[in-house]
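At the far end of the sequence shown sits residue 423, using my numbering, and the numbering has no gaps. Beta carbons are placed, not taken as given, at the ideal position from N, Cα and C, and that holds for glycine.
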Amino acid sequence: MNPTLPETMRAVVLTGTGGLDRLVYRADVPVPVPGPGEVLVRVGACGMNNTDVNTRSGWYAKAVTSGTTQEGAAEGFEDATGESSTWGSSSLSFPHVQGADVAGRIAAVGQGVAEARIGERVLVDPWLRDPDDPEDRNKAGYLGSERWGGFAEYTAVPAVNAFAIESPLSDAELATFPCSSSTAEYMLTRAGLAAGETILITGASGGVGSALVQLAKRRGARVVALAGESKMAALRKLGADHVLHRDFPDLATTLQAALGRGKVDAVADVVGGDRFPELLGCIKRGGRYVTSGAIAGPIVALDLRTLYLEDLTLHGATVMPPGIFQALVGYIECGEIRPVLAKIFPLAELRTAQEEFLEKAHVGNFVVVP
54 MNPTLPETMR AVVLTGTGGL DRLVYRADVP VPVPGPGEVL VRVGACGMNN
104 TDVNTRSGWY AKAVTSGTTQ EGAAEGFEDA TGESSTWGSS SLSFPHVQGA
154 DVAGRIAAVG QGVAEARIGE RVLVDPWLRD PDDPEDRNKA GYLGSERWGG
204 FAEYTAVPAV NAFAIESPLS DAELATFPCS SSTAEYMLTR AGLAAGETIL
254 ITGASGGVGS ALVQLAKRRG ARVVALAGES KMAALRKLGA DHVLHRDFPD
304 LATTLQAALG RGKVDAVADV VGGDRFPELL GCIKRGGRYV TSGAIAGPIV
354 ALDLRTLYLE DLTLHGATVM PPGIFQALVG YIECGEIRPV LAKIFPLAEL
404 RTAQEEFLEK AHVGNFVVVP
């Protein structure tokens with residue numbers, strides 16, 4: 054039997070597409086009721102990621118062609134006026150609760166879920182799949198986008214998404230993993246990165262980037278990370294073999310000096326923008342490029358001659374198969390990857406957290422706690 058729960062909870066509600074003022078902290082939001090096959094999670098902590106900002110600011114609207122600039126992400130993108138779309142171009146209704154990176158404990162269960170799970174510590178896989186066909190990526194949704202998420206005291210999720218976890222890490226530390234690390238692992242899986250290969254990672258100081266560094270090293274690869282001067286030491290501590298300044302004058306020359314050769318086996322890119330041609334040009338014949346972000350701009354110059362004459366393969370990485378998250382939980386429990394927790398904010402200060410997030414002065418992940 055489920056325990057007695059409060060009827061209302063504290064949450065940050067997104068009231069529409071636009072600026073930070075669209076995030077409203079409330080204490081009267083109804084507590085979700087878990088449906089059949091679902092569990093109610095008492096949120097211990099919820100991480101922040103670019104998807105939260107991009108959805109709120111309207112960046113996913115096709116009319117927006119710029120990068121996720123600090124001004125646009127803070128105030129909302131004017132080109133997105135009238136559009137409220139998620140990562141998958143589905144419409145978003147308001148009010149809405151975002152937040153994909155949930156760690157906590159099961160507080161109640163829906164019909165068909167064992168009551169023994171109440172009290173279980175869990176890490177939530179944010180990818181919502183069709184229960185009858187979980188491999189069909191066209192039917193996927195995302196926690197905090199297609200359904201209410203974890204910027205609240207409670208959130209209801211499918212029971213299969215709530216993975217039991219045993220770890221000495223705090224909830225805040227665990228909440229750094231779901232989006233960033235699963236995205237990074239899927240990027241490396243798509244790229245087929247193998248031991249002994251060399252990979253170049255852009256945006257290496259961010260949540261996904263810092264996870265890419267650790268997970269690529271876990272695979273036995275040699276890691277070349279691009280980052281700003283103030284963040285280089287932190288990336289070396291995470292295991293990067295070479296850390297190069299992101300504002301390189303010439304990438305081939307920079308790589309030649311660092312590696313003794315100007316080419317790499319693969320590039321994992323979350324930046325995009327004007328320097329995309331140089332990234333593609335540094336990949337050896339038959340190599341791979343994988344992306345899951347475009348903070349410097351989604352519209353890039355692609356010389357098809359580089360693509361076909363160098364036999365390159367380009368991969369996007371977003372909707373991942375279920376096995377990725379299950380493997381990630383194993384890595385965490387075995388201590389094979391560690392959290393990169395930059396700062397913790399109270400839930401009521403989510404606006405402030407997003408303001409600081411947009412400054413890009415941190416390494417790793419921001420987390421909010423109810």
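Query raised in the report: Taking Cβ to Cβ, would you say L394 is nearer than 8 Å to V420?
Result: To locate residue 394, count along the sequence shown from 1; it is residue 341. To locate residue 420, count along the sequence shown from 1; it is residue 367. It is a contact, given that the beta carbons lie within the stated cut-off.
Query raised in the report: Would you report the Cα separation of G388 and L227, rounded to the nearest angstrom?
Result: Translated into the one-based positions of the sequence shown, residue 388 becomes position 335. Translated into the one-based positions of the sequence shown, residue 227 becomes position 174. Answer to the nearest angstrom: the Cα atoms are 12 Å apart.
Query raised in the report: Going by other Cβ atoms of all chains shown within 10 Å of its Cβ, with 16 needed for buried, is R358 buried or exposed?
Result: In the sequence shown, residue 358 corresponds to position 305, counting from 1. So R358 ends up on the exposed side.
Query raised in the report: Between the beta-carbon of T70 and the beta-carbon of G129, is there less than 8 Å?
Result: The residue given as residue 70 occupies position 17 in the sequence shown. The residue given as residue 129 occupies position 76 in the sequence shown. Yes, the Cβ-Cβ distance between T70 and G129 is below 8 Å.
Report task. For N214, count neighbouring Cβ atoms within 10 angstroms of its own Cβ and tell me buried if that reaches 16, exposed if not. Result -> Residue 214 sits at position 161 when you count from the first residue of the sequence shown. Residue environment for N214: buried (at least 16 other C-beta atoms within 10 angstroms of its C-beta).
Report task. Throw me the rounded Cβ distance for the S263 and L291 pair, which I believe falls under 8 Å. Result -> Taking the first residue of the sequence shown as 1, we reach residue 263 at position 210. Taking the first residue of the sequence shown as 1, we reach residue 291 at position 238. Confirmed, Cβ separation roughly 6 Å.
Query raised in the report: In terms of alpha-carbon separation, which member of L181, W140 and K396 lies closest to V416?
Result: Locating residue 416 in the sequence shown gives position 363, counting from the first residue. Checked all of L181, W140 and K396; the closest Cα to V416 is K396.
Requested in this report: Pick out the complete beta strand (DSSP E) segments inside the region 106-181, 3 residues or longer, and give them in chain order.
Outcome: The DSSP assignment places complete beta strand (DSSP E) segments of no fewer than 3 residues inside the region 106-181 at 154-162 and 174-177, in order along the chain.
Requested in this report: Under 6 Å Cβ to Cβ from A209, same chain only, skipping five residues before and after it: list those, please.
Outcome: One-based indexing of the sequence shown puts residue 209 at position 156. Taking A209 as the centre and dropping the five residues before and after it, the same chain places the C-beta of P85, P87, E91 and L93 closer than 6 Å to its C-beta, in chain order.
Query raised in the report: Mind checking whether L381 and E238 have CB atoms under 8 Å apart?
Result: Start at 1 with the first residue of the sequence shown, and residue 381 comes out as number 328. Start at 1 with the first residue of the sequence shown, and residue 238 comes out as number 185. One thing to note: L381 has its Cβ within 8 Å of the Cβ of E238.
Query - CB contact check: G326 to chain B, cutoff 8 Å - result: In summary, chain B is missing from the structure at hand, where a single protein chain is found.
Query - Pair within 8 Å by beta-carbon distance, L73 and E402 - result: Counted from its first residue, the sequence shown places residue 73 at position 20. Counted from its first residue, the sequence shown places residue 402 at position 349. For L73 and E402, no; Cβs fall outside 8 Å.
Query raised in the report: So, using beta-carbon positions, are A278 and A257 closer together than 8 Å?
Result: Sequence index remark: in the sequence shown, residue 278 carries index 225 (1-based). Sequence index remark: in the sequence shown, residue 257 carries index 204 (1-based). Yes, Cβ-Cβ distance for A278 and A257 is below 8 Å.
**Report entry** Bridge partner(s) assigned by DSSP for K396
**Finding:** By 1-based counting over the sequence shown, the position of residue 396 is 343. According to DSSP, which records beta bridges pairwise, K396 is partnered with F419.
Query - Those residues which DSSP pairs with T251 across a bridge - result: If you number the sequence shown from 1, residue 251 lands on position 198. Beta-bridge pairing links T251 to R275.
Query raised in the report: Given A193, which residues of its chain have a CB within under 7 Å of its CB, disregarding the five upstream and five downstream residues?
Result: Translated into positions along the sequence shown, residue 193 becomes position 140. So the list reads W180, L181, R182 and V372, once near-sequence residues are dropped.
Requested in this report: For P211, write down the residues that DSSP places opposite it in a beta bridge.
Outcome: Here residue 211 corresponds to residue number 158 of the sequence shown, with the count starting at 1. Answer by DSSP bridge pairing, in chain order: E91.
Query raised in the report: When DSSP labels each residue in this structure, what does M62 get in the three-state scheme?
Result: In the sequence shown, the residue the question calls residue 62 occupies position 9. Residue state, collapsed to three classes: strand.
Query raised in the report: If H149 and W112 are in contact, beta carbons under 8 Å, what's the gap, nearest whole angstrom?
Result: Mapped onto the sequence shown, residue 149 falls at position 96. Mapped onto the sequence shown, residue 112 falls at position 59. 16 Å between Cβ atoms; not a contact.
**Report entry** Test item: CB-CB of V323 and T255 under 8 Å
**Finding:** Translated into the one-based positions of the sequence shown, residue 323 becomes position 270. Translated into the one-based positions of the sequence shown, residue 255 becomes position 202. The answer is yes: Cβ separation under 8 Å.
Report task. Identify the continuous alpha helix (DSSP H) that holds P231 and give its terminal residues. Result -> Mapped onto the sequence shown, residue 231 falls at position 178. Element bounds for P231: P231 to A244.
Query raised in the report: With C-beta atoms as the reference, is I218 less than 8 Å away from V162?
Result: Reading the sequence shown from its first residue, position 165 is the one you call residue 218. Reading the sequence shown from its first residue, position 109 is the one you call residue 162. No, Cβ-Cβ distance for I218 and V162 is not below 8 Å.
Query raised in the report: Considering only C-alpha positions, which residue in the set R275, S283, D81 and E363 is nearest to K413?
Result: For the purposes of this step, residue 413 is taken as residue 360 along the sequence shown, with counting starting at 1. Among R275, S283, D81 and E363, the Cα nearest to that of K413 is on S283.
Query raised in the report: Start and end of the alpha helix (DSSP H) containing D322?
Result: Taking the sequence shown and counting its residues from 1, the one referred to as residue 322 is at position 269. Looking at the DSSP string, D322 is not in any alpha helix (DSSP H); the run it does join, the beta strand (DSSP E), is V317 to D322.
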